[in-house]
Amino acid sequence: MDQLLEMAGVLSEIIWGPYVLIPLLLLTGVFLTVRLRLLQFTKLGHALWLALVRRKEDNDQAEGDISHYQALSTALAATVGVGNIAGVGLAIGIGGPGALFWMWVTGLVGMATKYSEALLGVKYRTRDEKGEQAGGPMYYLRNGLPGGLGVFLGGAFAVFGGIAAFGIGNGTQAEAVSSSINNITGIDPRIIGVVLMVLVAVVILGGIKSIGRFASAIVPFMIIGFIFMNLLVLMINWEQLLPAFQLVFTDAFTGTSAAGGFAGAALMLVIRTGVARGIFSNESGLGTGAIAAASAKTTQPVRQAMVSMTQTFIDTIIMVTLTALMIITSGLWNAPESAGYDPDSKGVLLTSGSMEQGLGQLSPALGSFGVVFIACAVAVFAYTTILGWSYYGERCMVYLAKGKRYLVLPYRLVFIGVVYVGATASIESVWLFSDIANGLMALPNLVGLILLSPVVVAETRKFFGHPEWKNPDVIMDDVSK
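Basically this note's numbering = 1-based index in the sequence shown + 46.
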């Protein structure tokens, strides 16, 4: 087992090293940002209005299974998870405050990547034998790229995506639920695993509509609650905010050591940690957002793409930033006992300890509540992530079965079983597996996004060239053709 973990570590270092995925992720995001003329900044206000205020298209010609808002909620449910709590804690613990800067970079350019993924996901979507919308990178790679290249890349994404769902979308999340609840209650992880299996089964066996309804009901409350608690701690530690920002920007380019020298953070480690944890948090570049977007009721790929890119903004620019600043202002990131990547779930403990330290300045009881709140937040966030990723993996199986659904039920049952395995497994093996699987599914998607960028640009220009593009009730048939 040790030898297998060592080999996995080497593979992860290669994939997430300075010459493969990190430059490809960043350069793809920058490339799309330039080609789309900074769209994620110039159209962000309208995108947020569509996503959070308008929330749906009110016309009978909009095809899809769930609303704009439910698709966004499903995607947020899948991304707002352990990456926002344990992942951020690990990033700061290993890479120091500078890791936040690279998470910002990943998020900002990742908004253009997410936009492009969603646009292509809707444009090239189709229906499976049950009549449900089927879309995502596997479809736009196969149908958008000529010859065998598209078939190969689409198949590779579906295979790696189906596998990755067991890691980033299941094992890491189940482990986080188990460790968090066990830390505050002492309940046996095996019992937690069984209960979590049942809770997951109840929702995912109902399909995307069941997941969409559940996500749209619970996601707003969990996000608002988490943001409120983080803001409360930052208000308490307000005098440390300016020094925290200074640390973020200086450490991003100097790579000063995190945790008082306990975990040396060379510049490449800072960048690697920030980008890897940023992708784990917002999933821009993985292509998963396109799968959720393809299920949305919409007449326009561009409109849904704008809604989808707000997911990355909410997840990384807002939630990750607040969590990271809470950790940095607490000063606990610089304590050796809270540092780095180890098998005892220090990422979660660093985040909960920071909240306890902040709230504890008001009262010890409030500080203790902060620990319980983080544990509950981890459990809820991770649970909804499992639900969202079950759908992503299921769509990959339908693609591999050429539109048939005979693999869906077996996949769901195996997925439910892996929940128990994740709840009782070593965190080191789970995180390593997730990093590798994420990288392998991102590679074909990123290559496809670059090759299909002319389609994204053409669709975008036609849409925004229409005089009524701001009106979501107008069906612009000529634009989508």
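Glycine residues also receive a C-beta, built at the ideal position from the N, C-alpha and C atoms.
Apart from sequence neighbours up to five positions away, the residues of its chain that approach L146 with a beta-carbon distance below 6 Å are V294, A370, ordered along the chain.
In this structure, Y457 sits away from A336, with a CB-CB distance that is not shorter than 9 Å. The segment 149-161 makes no contact with the segment 425-436; the number of CB pairs closer than 8 Å stays below 3. Runs of the alpha helix (DSSP H) spanning 4 or more residues and lying entirely within the segment 422-507 occur at 454-469, 473-497, in chain order.
Looking at the backbone, the Cα of I230 and that of V418 are separated by about 7 Å.
Sequence-distant Cβ neighbours of V465 in its own chain, meaning closer than 8 Å and more than five residues away, are N216, A220, G239, L242, M243, V246, I432. Nearest in C-alpha terms to L412, of all of F77, T296, L278, is L278. Per DSSP, the unbroken alpha helix (DSSP H) holding L50 starts and ends at 48-61. Secondary structure at Q86: helix, using DSSP grouped into helix, strand and coil. A Cβ-Cβ distance of about 30 Å is found for the pair L455 and G331, leaving them out of contact under the 8 Å criterion.
Within the same chain, and ignoring the five residues on either side of M314 in sequence, the residues whose Cβ sits closer than 7 Å to its Cβ are P64. DSSP places T79 in the uninterrupted alpha helix (DSSP H) bounded by 67-81. Annotation: the continuous alpha helix (DSSP H) that includes I209 extends over 193-210. Between V348 and T506 the beta-carbon gap is near 6 Å, inside 8 Å, which marks them as a contact. Membership of L146 in the alpha helix (DSSP H) is indicated by the continuous run 144-169. For L78, the closest of G201, V467, E163, R441 by C-alpha to C-alpha distance is E163. Between the segment 362-376 and the segment 195-202, the count of C-beta pairs closer than 8 Å stays below three; the two stretches do not touch.
Looking at the DSSP output, R173 bridges to Q179.
By alpha-carbon distance to F272, the top candidate from Q179, R318, V126 is V126. The segment 507-520 makes no contact with the segment 175-182, as fewer than three CB pairs between them are under 8 Å. Distance from the CA of G75 to the CA of P410, rounded to the nearest whole angstrom, comes to 45 Å. The straight-line gap separating the alpha-carbon atoms of F299 and I138 is approximately 15 Å. Annotation for I363: G153 place their beta carbon closer than 6 Å to its own, counting only its chain and skipping 5 residues before and after. By the CB criterion at 9 Å, Y170 and N189 fall inside the cutoff. When the beta-carbon positions are compared, A54 and S341 stay at least 9 Å from each other. Straight-line spacing of the CA atoms in L395 and S224 works out to 13 Å.
When the alpha-carbon of L84 is set against those of L67, W148, Y452, G156, the nearest one is in G156.
Taking all protein chains shown into account, I68 has 16 or more neighbouring C-beta atoms within 10 Å of its C-beta and is therefore buried. Taking the Cβ atoms as the reference, T356 lies roughly 5 Å from A93, within the contact range of under 8 Å. In terms of Cβ geometry, L191 and L498 form a close pair [threshold 9 Å].
In its chain, beyond the 5 residues on either side, V126, A423, V426, F427, T430 have a beta carbon closer than 8 Å to the beta carbon of M268.
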